[in-house]
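Under the numbering used here, read the sequence shown as residues 52 to 335, first letter to last. Don't be surprised by glycine CBs; every beta carbon is placed ideally from N, CA and C. Bear in mind the structure is a predicted one, so any value in this text is a computation, not a measurement. What follows is one structure encoded as structure tokens, with my remarks underneath.
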Amino acid sequence: MQAIRRLTAGTLAGGAVGTFFVSLDGFTESKKAKASGGGPHLPTYEWDFNKFGNALDAAALRRGWYVYQKVCSTCHSLQYFYFRELIGKSHTEAEVKKIAKEFECVDDSPDDEGNPVTRACKPYDNIPKPYANEKAARAANAGALPPDLSLICWAREGEENYLYSLLTGYCDPPAGVTVADGMNYNAYFAGGAIGMAQPIYNETVDYKEMGDDTPPYMSQIAKDIVTFLRYSTDVSKDNRQLALMRILGMFVPVFFLSVVATKKVFSPGKTMKVVRSEDLRKFK
């Protein structure tokens, strides 16, 4: 009977722990189950940063920021991302200070006459918008409003897979499909016609200018900018994962210590035999 109880308890404990890890794995993989919407089925790419225990690649983040700065920043804002969030992830503090100085920000404090003061950005500033307002953005882009890229990975169904497919999905329209003037055909964009011209080609940027010998193929450039946009969408991802791994590291020894302590506390009660006083008289 005692053996059956131990077996049942062990099964329940193992099931509970197993359920926890299965649920954790399901959480990390749940994003892959999302549909791509009305367009063609999105390919599923193996993004290393989505695997449990993997951090975002610092070199890819560095290249991704370079692509944003050289290609994307002319039209797309990154208003919820701060320069300081590059420090320790892809750049040093000195490099970030130098990068920030290349941008101009409007100071929070106006001058004595109430006029806005323009100054060089500092690491604590967010990335300035390329246009002063929405009307200016639409006027410069034939009426289309370029979306902000700060949270773009979470704003689109398919997330990283969609962004990568969109950036590499420009092609000639198939037979029977016409695209209006000023529009471009992209198989992964809803409706097929997109106002944004193809932003990246082979060698759109030269990584050697930043001291990186990675070949700037279109697929590599798209991968780098998508990795950076994944980071801008969720800057605390790596920190949360590190905290979770520390908790799991504490869980294992605490679990075994609790088992040992439980046996030590309750084993006397389980092995103790109680004999009534009247039964002892039989041995007198």
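CB contact flag (residue i, residue j, <7 Å)
i	j	result
Asn212	Leu112	no
His127	Leu217	no
Gly233	Ala187	no
Asn253	Met269	yes
Val168	Asp176	no
Pro174	Arg135	yes
Lys152	Ala183	no
Leu137	Val147	yes
Phe132	Ser287	no
Asn235	Ala248	yes
Pro266	Val256	no
Unbroken alpha helix (DSSP H) run spanning residue i, endpoints
i	result
Ala231	Taken as a continuous stretch (DSSP letters only), Ala231 belongs to no alpha helix (DSSP H), as it is neither H nor E.
Val147	144-152
Thr189	Residue identity check: residue 189 is Arg in the sequence provided, not Thr. From DSSP, the alpha helix (DSSP H) with Arg189 extends over 185-191.
Glu254	Premise fails: Glu254 is in no alpha helix (DSSP H) and is neither H nor E.
Distance between beta carbons of residue j and residue i, contact taken as under 8 Å
i	j	result
Ala273	Ile298	Actually they are not in contact, since the Cβ atoms of Ala273 and Ile298 sit about 35 Å apart, beyond 8 Å.
Asp264	Val118	Between Val118 and Asp264 the Cβ distance is about 16 Å, and since that is not below 8 Å, they are no contact.
Asn237	Tyr221	5 Å
Leu280	Leu214	6 Å
Where the beta strand (DSSP E) through residue i begins and ends
i	result
Ala238	Run containing Ala238: none; DSSP gives neither H nor E here.
Glu211	Taken as a continuous stretch (DSSP letters only), Glu211 belongs to no beta strand (DSSP E), being part of the alpha helix (DSSP H) at 210-218.
Val157	155-157
Pick from the options that is closest to residue i, judged by C-alpha positions
i	options	result
Leu129	Ala294, Thr278, Pro198	Pro198
Gly246	Ser318, Ala195, Trp205, Arg189	Ala195
Ala244	Ser318, Val256, Val230, Asp257	Val230
Asp285	Lys148, Val256, Ala206	Ala206
Thr143	Ala110, Val122, Thr125	Ala110
Thr95	Trp116, Gly139, Glu210, Ile203	Glu210
Tyr278	Glu97, Pro91, Leu107	Here the sequence assigns Thr to residue 278, which means Tyr is not the residue at that position. Looking at the Cα atoms, Leu107 is the closest of the given residues.
message: Taking contact to mean 3 or more Cβ pairs, one atom from each stretch, closer than 8 Å, check whether the stretch 160-169 and the stretch 101-111 are in contact.
response: no
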